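Chains as they are written, first to last, in the UniProt record's numbering: chain A, 1 to 115; chain B, 1 to 178. For each residue, glycine too, the CB sits at the ideal point set by N, CA and C. A quick note: this is a predicted structure, and the numbers were derived from the prediction, not measured. Each remark here refers to the structure printed beneath this line.
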């Protein structure tokens, strides 16, 4: 058994070895393309805990969903005493109904705005 | 403010306001559809259909409880999303007659997150979404059944007096109306 196995395996090993050699020599000799130039691209974002407005679900650094369809230069960000932030437009509309932070349910007190 | 001269000139502030609200609502709904679709595929307790793709604010929900008192029932709901969404909650009606303490026989539903003006944390908030509403309605047939805060007072009374009679009647309704 062992002798027949050995004799069957050895030619196969030789075959795979020779094909590998062929591959490597091919790829070094004629590459399909060469890299001539490359441009680096970097993306930045504010390092803040909550970066989307929980009301309109748009990024705080962009205009709110409402102002996107009805351009408004005054679209800015508002922070409450609870440290949650929203678009001022979105929050103004919500507090007419319920004067509390939709995220933590604390009474809404404006701490600052981005303008 | 109402201004007749503006109206004569063809500027209708109310209509403009409504059009923007509808545009915002439809954008919010379009975003939510992906989430709803993927959640829909992962379970078999509920099914959601949008009869017309141009009217994403009208949805048909079917709840099929797999355990508890309402097992075997097929309960249909109509969900209508108002133009003021997501400052206002969706309006939900139950189309299937059911013997349930929190759904009356007209199809009105008592579910905390559907309440627009709520002073506690359980009411509607703009941070909520349709998937939460669907989960709430599904749970209304199992974990969220509330006999202490009843809308169908007769049903709740029957439960406190005779639980077997309540269960029997609930099953009878399922056989007759589902």
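Strand pairing of residue i, partner residues [DSSP]
i                      : result
residue 49 of chain B  : B/60
residue 112 of chain A : A/79
residue 78 of chain B  : B/60 and B/93
residue 107 of chain A : A/100
residue 85 of chain A  : A/79
residue 103 of chain B : B/100 and B/109
residue 52 of chain A  : A/59
Environment of residue i [buried if 16+ CB atoms lie within 10 Å]
i                      : result
residue 9 of chain A   : Note that residue 9 of chain A scores a pLDDT of 43, beneath 50, so its modelled location is shaky and nothing firm can be said.
residue 63 of chain A  : buried
residue 51 of chain B  : exposed
residue 68 of chain B  : exposed
residue 10 of chain B  : exposed
residue 12 of chain B  : exposed
residue 73 of chain A  : exposed
residue 8 of chain B   : exposed
residue 150 of chain B : buried
residue 38 of chain A  : exposed
residue 99 of chain B  : buried
Inter-residue Cα distance where the pair is residue i and residue j
i                      : j                      : result
residue 21 of chain A  : residue 42 of chain A  : Note that residue 21 of chain A scores a pLDDT of 48, beneath 50, so its modelled location is shaky; the value from the coordinates is reported in the next line. Their Cα atoms are separated by approximately 40 Å.
residue 104 of chain B : residue 71 of chain B  : 19 Å
residue 5 of chain B   : residue 152 of chain B : 50 Å
residue 28 of chain B  : residue 154 of chain B : 39 Å
residue 122 of chain B : residue 87 of chain A  : 23 Å
residue 93 of chain A  : residue 87 of chain B  : 8 Å
residue 113 of chain A : residue 26 of chain B  : 28 Å
residue 97 of chain A  : residue 144 of chain B : 26 Å
residue 83 of chain B  : residue 16 of chain B  : 12 Å
residue 20 of chain B  : residue 30 of chain B  : 15 Å
residue 108 of chain A : residue 45 of chain B  : 38 Å
residue 37 of chain B  : residue 101 of chain B : 30 Å
residue 91 of chain A  : residue 47 of chain B  : 33 Å
residue 82 of chain A  : residue 118 of chain B : 20 Å
residue 34 of chain B  : residue 162 of chain B : 44 Å
When the options are compared against residue i, the one with the closest alpha-carbon
i                      : options                     : result
residue 90 of chain B  : B/72, B/71 and B/58         : B/58
residue 158 of chain B : B/151, B/152 and B/166      : B/166
residue 75 of chain A  : A/83, A/99 and A/89         : A/89
residue 176 of chain B : B/97, B/69 and B/8          : B/97
residue 32 of chain B  : A/37, A/31, A/38 and A/57   : A/57
residue 39 of chain B  : B/168, B/9, B/131 and B/170 : B/131
residue 55 of chain A  : A/39, A/73 and A/77         : A/77
residue 73 of chain B  : B/142, B/10 and B/112       : B/142
residue 84 of chain A  : A/61, A/73, A/110 and A/71  : A/110
residue 109 of chain B : B/116, B/92 and B/49        : B/92
residue 178 of chain B : B/41, B/64, B/150 and B/113 : B/64
residue 43 of chain B  : B/133, B/106 and B/66       : B/66
residue 174 of chain B : B/53, B/22 and B/95         : B/95
Residue i CB to nearest heavy atom of the ligand SAM below 6 Å
i                     : result
residue 33 of chain A : Of the ligands one can find in the structure shown there are none, so the ligand SAM has no counterpart to examine.
Open item on the list: Three Cβ pairs or more, each shorter than 8 Å: is that satisfied between the segment 100-111 of chain A and the segment 117-134 of chain B?
Closed with: Here the segment 100-111 of chain A lies against the segment 117-134 of chain B, with 3 or more beta-carbon pairs under 8 Å apart.
Open item on the list: Under 8 Å: do the segment 46-65 of chain B and the segment 73-86 of chain B share three or more Cβ pairs, one atom per stretch?
Closed with: Yes, the segment 46-65 of chain B is in contact with the segment 73-86 of chain B.
TODO: Check whether the segment 64-72 of chain A touches the segment 135-144 of chain B, taking contact to mean three or more Cβ pairs, one atom from each stretch, closer than 8 Å.
DONE: Judged by Cβ distances under 8 Å, the segment 64-72 of chain A makes no contact with the segment 135-144 of chain B, as fewer than three pairs qualify.
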